[in-house]
């Protein structure tokens with residue numbers, strides 16, 4: 119059974135709601151044959167990446183870049199997965215209080231080095247909190263899982 123790994127930093131109730139939305143979308147009842155694993159970045163590591171078939175990353179914008187927790191995940195996982203996981207389908211959502219461009223660029227740089235493939239452009243959730251952010255992240259989780267379920271990722 120294909121495995122979707124969701125690695126998302128959730129330091130606030132709103133960002134926890136986003137991570138839960140990603141999981142809810144990935145576990146949609148119409149998606150039957152995908153295992154979903156959800157971990158905070160400080161608990162996820164290379165063994166999780168090595169055993170997944172796609173990865174959904176979530177982070178806050180912190181000082182114009184990704185969260186320290188997601189950076190730590192990449193620091194610990196980069197070299198152990200570099201050769202074995204090239205082509206891994208991935209997606210990203212960023213909860214950005216400002217514009218999110220620095221965060222997007224930082225993650226894109228690492229993903230380029232890993233040679234993972236983007237399922238879609240990063241989802242940047244900009245500005246003041248909006249309830250539609252939850253729906254967008256839920257749809258992203260569903261898209262990733264449905265792609266695995268349908269064999270197109």
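In the working numbering, the protein residues as written are 119 to 271. Cβ atoms here follow ideal geometry from the backbone N, Cα and C, with glycine treated the same way.
Here residue 141 is near residue 156, since their CB atoms are less than 7 Å apart.
Counting the other Cβ atoms within 10 Å of the Cβ of residue 207 gives 16 or more, which makes it buried.
For residue 124, the number of other beta carbons within 10 angstroms of its own is at least 16, and it is reported as buried. Annotation for residue 180: 186 place their beta carbon closer than 7 Å to its own, counting only its chain and skipping 5 residues before and after. In this structure residue 171 does not touch residue 240 by the C-beta definition: roughly 20 Å separates them, more than the 8 Å allowed. For residue 207, the enclosing beta strand (DSSP E) starts and ends at 207-214. A buried status is given to residue 159, since no fewer than 16 other beta-carbon atoms sit within 10 Å of its beta-carbon. Taking all protein chains in view, the Cβ of residue 136 is crowded by 16 or more other Cβ atoms within 10 Å, so the residue is classified as buried. The residue from 213, 236, 268 with its alpha-carbon nearest to that of residue 250 is 213. Secondary structure note for residue 242: its beta strand (DSSP E) is the uninterrupted segment 241-244. Under a 10 Å Cβ-count criterion, residue 232 is classified as buried, with 16 or more other Cβ atoms of the shown protein chains found around its own Cβ. Where residue 178 is concerned, the enclosing beta strand (DSSP E) starts and stops at 172-178.
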